[in-house]
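Sequences listed follow chains Y and P, in order.
Here my numbering is used: the first residue of the first sequence is 496, the next is one more, and so on.
Here my numbering is used: the first residue of the second sequence is 900, the next is one more, and so on.
The C-beta atom is built at its ideal place from N, Cα and C for all residues, glycine as well.
Just so you know, these numbers come straight off a predicted model, no measurement behind them.
What follows is a single structure, written as structure tokens, with notes after it.
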Amino acid sequence: MALTTKAAAGLAGLLALGAALAGCGGSSGSDGGTTITVWHGYTDVEAKAMTAQVKQWNADHPDEKVKLVYNSGNDNALQKTVAGFTAGNYPDVAYEFGSSAAALARQPKLIDLTDTVKKPAFNWDDFYPSEQQAAEVNGKVLGVPALVDNLSLVYNKALFKAAGVPLPTASWSWDDFRNAAKKLTDPAKKTYGWAYVNDGSEDTVWRYLPLLWQAGGELLNSDNTKPEFDSAAGKEALDLLKGMAVTDKSVYLDNGNGNYLNLFNSGKIAMLWTGPWDLSSINADVDYGITLLPGHDGNHETISGPDLYMAFDHSKGRSETAVKFMTWLTSAPVHLQFAIATGDLPLRKSESQLPEYSTFLEKYPANKVFVDNLNNVKHVRPNIASYSEVSTAVGQMVQSVLLGQAEPQEALDTASDQVASVLAGQ
Amino acid sequence: MTAALFPATAGRRTKPSSKKSADQRAAWGMVAPSVLLIGLFGLVPVAWSVVLSFQHSDLQTPATWAGTSNYRELMHDPVFRESIRHTVVYTVLFVPITLVCSLLVAAALNRRLRGISLYRLAVFVPVVTSTVATGVIFSWLLDPDYGIVNALLDKVGLPQSGFFSSPDSALYTMVAMTTWGWVGFGALIFLAGLQSIPQDLVEAAQIDGCTRTRAFWLIQVPLMRPIIGFMLVWLTINALQLFDEVYVTTKGGPLHATTVVVYYLYQQAFVYFHAGYAAAIACLLFVAILVITVIQIRVSRDRDLDPSG
């Protein structure tokens, strides 16, 4: 119960945030060498692995030291970076969500990495196409991929067995998926076939997008100036959601507090559409399987949310160190070490060619599907500064259908109008 | 800020002393550090927000002048209008409910019982519990499918609720949750007020045949009017500035059902990076709070001075 004057704090907080981070920021070297600051949001094993890698870098580069600063969570990384600029204390390298790239593209201090990645030695094409596209805004490469994931279908084998439903396969259709979810739902025992994060955030949106794309739809037109999801495909995707959530009532609607994972662990939910980040939180006693998302006419494409390391200019020396460090950190052998330590997916295709890759697969057998599924990422979300507003409109649309508050066509029309006015107002 | 307003009204009736100027100098010396800090971290950002509200700013590139266009746009923003409605509904419910509950709890705690400090502690715990923890616990308790509250409602044959998950009930659930969090604070203040009222007043009334309940409503409550006035202003300001609880539980949803003014401001400033637009919202909110507070203080001061009131 904060007793602060929140209205002023809303904007004053910006300064405070910057000041708070200023306390722990690093700066250029006083002993002749350079020190750069890297803001990240890693926790647990990832933080440990990152710290170890930075230690290794610092040992090998005594004149180009890296100082790690925890940004207290990636969900607000963008806000903190922007606050850092306002307060005049910003990182040399920051971990950012891919969706933040367009907002940061306006930042005058942002270092354009186009020339860096186009050098043959960098081997830019070794990154998956979805990662490359997430890093590109208006034809410029503004970041280096830091993490890649995708949505796949994770299911509890015991619940399928108990309900007498055959296990999901990589060739499941939407109907197969819907029918199975219905059979796996039992109101008496309060079990659900599927769970959907229904908080209206990007979490809600990015489970809808693969459905839209599989059915042949697009979110926006090719130059991102007009909405295009108000289409037959857009409606088909919403119809499926409505059929499952409203008609069949086979979907647990998570209100954003993340209960779905606990409920999956306690055998209340049979299937999730989720990414590799959730696997470490699934209890050891849950016998689960992973496969591709169900498909539409054989199209099983999924969505990926690649995150980026972005670099910001302080001085020529520090910028060079920053770029050098990012290049090293995301090189195949170095990142594979990180992947083996954390279970994060390989960033570069060539990581799977390295001998140590077998260690990764042995340690994280379940991740094989996620790695393979990277090839099923065919679309990326539009990299535009107003994406967060587009996302809000689409999130409200999906939410209104899932809650049974609007018919799919009506919801599409409303959201399409909103997105059109957002895009027109740019 | 409001805490200072009430002593000022009380102090109005005291006569200026001859030591006044020396005292004043000493007083200013003592408050100078706070004045400086508040000025720097409070007033400067506030002034800056006013300037910002007449600009277009994404907080990254240089701002451009917008004239009054942010304000004009706000007038036609349906989500802003909705957020005002939600804020008003929230405030109109939250303030009186919290006020009355706090009074009743304070009355219940104002007695000599074995282990009374334990009860007082229990009532005060929600105040010192972090909002994040409160939010997480409530969203578990109130989960429509698996929460214990719906399970209990079901047991006793009452209809279940969607709580935070349904647009129809989310705002009311917010009122309930925040009331729970604030009653401890209100009760603490009222308890202090009750204990400052001479016991012989109540005893005298009881000798005259007045019941405890009547004595409470007719003697103790009227004597606490300045404290009630303070709580009224304090709760109203906080209700109009509701943010934390929304941020940690519903994020303004579902379907904007709990999008209150400050949450919308946050969204505009730090999600969409429309800082000028957000500053315009902040300025309007500031004016609204100022006007409401002044009215509240005027009304309670007039009542204090009115011998028949």
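Check: Under 8 Å, CB to CB, which of the residues in the region 740-770 of chain Y have a partner in chain P?; Outcome: Tyr-747, Leu-748, Asn-750, Gly-751, Asn-752, Asn-754, Leu-758 and Lys-763
Check: From the DSSP output, in three-state form, read off Phe-979 of chain P for me.; Outcome: helix
Check: DSSP state of Ser-523 of chain Y, grouped into three classes?; Outcome: Only weak support exists for where Ser-523 of chain Y lies, its pLDDT of 47 falling under 50; the value from the coordinates is given anyway. Looking at Ser-523 of chain Y - three-state DSSP - the assignment turns out to be coil, as it is neither helix nor strand.
Check: So that I know if they touch, is there some Cβ in chain Y lying closer than 7 Å to that of Asp-976 of chain P?; Outcome: no
Check: Just to confirm, is the Cβ distance from Ser-845 of chain Y to Ser-625 of chain Y under 7 Å?; Outcome: no
Check: Please go through the same chain and pick out, in chain order, the residues whose beta-carbon is closer than 7 Å to the beta-carbon of His-1173 of chain P, but skip the five residues on each side of it.; Outcome: Gln-1167
Check: Given a cut-off of 7 Å, decide if Thr-530 of chain Y and Lys-560 of chain Y are closer than it, judged by their beta-carbon atoms.; Outcome: yes
Check: Going by C-alpha to C-alpha distance, which of Y:Phe-820, Y:Ser-776, Y:Ser-717 and Y:Ala-542 sits closest to Gly-753 of chain Y?; Outcome: Y:Ser-776
Check: State yes or no: is the C-beta of Ser-1001 of chain P within less than 7 Å of the C-beta of Ala-1069 of chain P?; Outcome: no
Check: Looking at the unbroken alpha helix (DSSP H) that takes in Tyr-882 of chain Y, where does it start and where does it end?; Outcome: 882-897
Check: Measuring straight from C-alpha to C-alpha, what distance separates Val-1101 of chain P and Ala-1007 of chain P?; Outcome: 15 Å
Check: Does the region 603-619 of chain Y come into contact with the region 768-788 of chain Y, if we say contact requires no fewer than three beta-carbon pairs (one atom in each stretch) closer than 8 Å?; Outcome: no
Check: Quick check on this structure: which residue in Y:Tyr-623, Y:Val-781 and Y:Ala-880 has the alpha carbon closest to the alpha carbon of Leu-654 of chain Y?; Outcome: Y:Val-781
Check: Identify whether Phe-807 of chain Y lies in helix, strand or coil by the three-state DSSP scheme.; Outcome: strand
Check: Hey, is Phe-905 of chain P's beta-carbon within less than 7 Å of any beta-carbon in chain Y?; Outcome: Because Phe-905 of chain P sits at a pLDDT of 46, beneath the cut-off of 50, its placement in the model cannot be relied upon, and the point is left open.
Check: Is DSSP giving Gly-518 of chain Y helix, strand or coil here?; Outcome: Because the pLDDT at Gly-518 of chain Y is just 42, under 50, the model does not fix this residue reliably, and the value given afterwards should be weighed accordingly. In this structure, Gly-518 of chain Y counts as coil in the three-state DSSP scheme.
Check: Please report the distance separating the alpha-carbon of Met-1130 of chain P from that of Ile-996 of chain P.; Outcome: 12 Å
Check: Just checking my contact of Thr-1157 of chain P with Thr-990 of chain P at CB under 8 Å: how many whole Å lie between their CB atoms?; Outcome: Rounded, the Cβ-Cβ distance is 13 Å, inconsistent with contact.
Check: Quick one: which residues of the region 871-888 of chain Y get their C-beta closer than 9 Å to a C-beta of chain P? List them in chain order.; Outcome: Ala-880, Ser-881, Ser-883, Glu-884 and Thr-887
Check: For Ala-503 of chain Y, which residues of its own chain have a beta-carbon under 7 Å away from its beta-carbon, when the five flanking residues on both sides are left out?; Outcome: Bear in mind that a pLDDT of 42 at Ala-503 of chain Y, under 50, signals an unreliable position, so the model cannot answer this.
Check: Hey, how far is the Cα of Ser-523 of chain Y from the Cα of Glu-815 of chain Y?; Outcome: The predicted model places Ser-523 of chain Y with a pLDDT of 47, which falls under 50 and marks its position as unreliable; any figure quoted below should be read in that light. Roughly 13 Å separates the two Cα atoms.
Check: How many Å lie between Gly-520 of chain Y and Thr-532 of chain Y at the Cα?; Outcome: With a pLDDT of 45 at Gly-520 of chain Y, under the threshold of 50, the predicted position of this residue should be treated as unreliable, and no value is reported.
Check: What does Pro-1066 of chain P touch in chain Y if you count any residue whose Cβ is under 8 Å from its own?; Outcome: Leu-898 and Gln-900
Check: Measuring CB to CB, does Leu-1154 of chain P end up less than 7 Å from Ser-895 of chain Y?; Outcome: yes
Check: By how many angstroms is the C-alpha of Trp-1133 of chain P removed from the C-alpha of Arg-924 of chain P?; Outcome: 30 Å
Check: Cβ of Ser-814 of chain Y less than 7 Å from any chain P Cβ?; Outcome: no
Check: Taking the alpha-carbon positions, what's the Ser-886 of chain Y to Ile-1047 of chain P distance?; Outcome: 33 Å
Check: Between Ser-1095 of chain P and chain B, is any beta-carbon pair separated by less than 7 Å?; Outcome: Included in the structure are the protein chains Y and P, with no chain B among them.
Check: Assign Ala-906 of chain Y to one of three DSSP states: helix, strand, or coil.; Outcome: helix
Check: So, does the CB of Val-1170 of chain P fall closer than 7 Å to a CB anywhere in chain Y?; Outcome: yes
Check: Using the three-state DSSP reduction, which class does Thr-1211 of chain P fall into: helix, strand or coil?; Outcome: Lying outside 900 to 1208, the shown extent of chain P, residue 1211 of chain P is not represented and no answer is given.
Check: For Tyr-1163 of chain P versus Ser-982 of chain P, is the C-beta spacing smaller than 7 Å?; Outcome: yes
Check: To the nearest angstrom, how far is it from the Cα of Met-1073 of chain P to the Cα of Val-988 of chain P?; Outcome: 11 Å
Check: Closer than 7 Å by C-beta to Gln-551 of chain Y: which residues in its own chain qualify, once you throw out the five before and the five after it? Chain order, please.; Outcome: none
Check: Does any residue of chain Y bring its CB to less than 7 Å from the CB of Thr-960 of chain P?; Outcome: yes
Check: Would you be able to state if there are at least three C-beta pairs under 8 Å between the region 867-879 of chain Y and the region 709-719 of chain Y?; Outcome: yes
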